[in-house]
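When you line the sequence shown up against our numbering, it's residues 66 to 382, in that order. Quick notes on the structure that follows.
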Amino acid sequence: MDKQENLRGLIEGAILGAIWLVMLIASIYTPLFLIGFIILPIPFTIIAYRRGIRIALISAFVAVILSILFNLLVIGFSLVIYSILLGITSGYCFQQKKQANVTFTSMVLAVLGSNLLTILIIGFLTDYNIFADLSNTIQEAFVDSESLLGAIGLGATITEADIEAILEVIRLLLPTILIAVSVLIAYVYYHTARYTIRRLGEQETLPTLPSIAEIQLPKKILWYYIFATIGMIYLTLTGSMDNFMYTLLLNIVQILSLVLAVQGIGLVWYYMNKKNWSKVIKYPIVIILLHPILLQIMTWVGMFDIFFNWRKLPKQR
């Protein structure tokens, strides 16, 4: 019976591996990259959830061999690593019935790990410089912007110093950018994977992430933010902006700012729910709140919400 189950699992893994290969080709060679990027880990999630991590790893090995045979590993290297790590991690966590926060954190680490692994391996093998590529991309974007503004009668001059300043900000905030992108991808994929597994007829209850309106961060987050901000201001005033500690504190402040902004947006969502507003109204409001100026206001709202817990104030009256 065990041999039959193993054989059945291997056959299922081979089929899902072939499906993954087709999805990889579609993601690389068609305009469906964004959709493909979100659903590409699904086959590995399914096989890890149904058959366990051993069969999933065998399927991943077969998938890598197939991608080499079809000359896709070099072109889609980052997609291959991303889909295997995220797919197997999520499927294993769902199979082991991990709590939602544990599963989500594991998925964030899987996405972050795949990004770092891709940057390190490509940089080691090809001497690829991500900042040189970013510099060229930003320069091309500015040239296009200048042409567009000139065509409508608005002059704009972008200097090399401007481009260098933007690149310096990206260099400093690269950890924050990678973490923020990983959290966003993991959040979207969590719901995608959970929905897919349920649609396949699995009757087991899969954990759900709490609604943003239910998020209540501990007060220590607020103190971390305050102390990190004070430390960053001190290093700025003393002219110590070129050392590692300043970069570390800058990224901590930016990450905690985003976390506090989520708390603030959660409070807004909570009150919109209390007013029974339609999702047609709520989602556009949240999108508007992502504007940098409004997002900073949401950070302050999140700080006050952590301190006063405004959600409980109406109950105390």
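A virtual CB, placed ideally from N, CA and C, is assigned to each residue, including glycine.
- Measuring C-alpha to C-alpha distances from Tyr252 to each of Gly188, Leu174, Ile235 and Phe292 identifies Leu174 as the nearest.
- Residue state for Gln161 is assigned as coil, using DSSP reduced to three classes.
- The Cβ atoms of Pro272 and Lys339 do not sit closer than 9 Å to each other.
- The beta carbon of Leu81 sits closer than 8 Å to those of Pro108, Phe109, Ile111, Ile112 and Ser124, all from its chain and outside the five residues before and after it, given in chain order.
- Between Gln281 and Asn166, the C-beta gap is not smaller than 9 Å, which leaves the two residues out of contact.
- Around the CB of Asn316, 16 or more other CB atoms lie within 10 Å, so the residue is classed as buried.
- Around the beta-carbon of Ile330, 16 or more other beta-carbon atoms lie within 10 Å, marking it buried.
- Contact between Leu332 and Asp370 holds: their C-beta atoms lie close to 5 Å from each other, under 8 Å.
- If you draw a straight line from the Cα of Ser148 to the Cα of Met88, it is about 11 Å long.
- Note on Thr154: 16 or more other CB atoms within 10 angstroms of its CB, so buried under the neighbour-count rule.
- Here the alpha carbons of Ile130 and Gly74 stand approximately 19 Å from one another.
- Looking only at Ile231, Ser132 and Tyr289, the smallest Cα-Cα distance to Val324 is reached by Tyr289.
- According to the DSSP assignment, Met337 belongs to the alpha helix (DSSP H) that extends over Phe309 to Lys339.
- Of Leu97, Phe98 and Gln160, the smallest CA-CA separation from Arg119 is found for Gln160.
- Shortest Cα-Cα distance from Arg115 to any of Leu265, Val327, Pro240 and Ala230 involves Leu265.
- Here Ser179 is buried, its C-beta having at least 16 other C-beta atoms within 10 Å.
- Judged by DSSP in its simplified three-state form, Asn180 adopts helix.
- Burial is judged here by how many other beta carbons sit within 10 angstroms of a residue's own beta carbon; Leu355 has fewer than 16 and is exposed.
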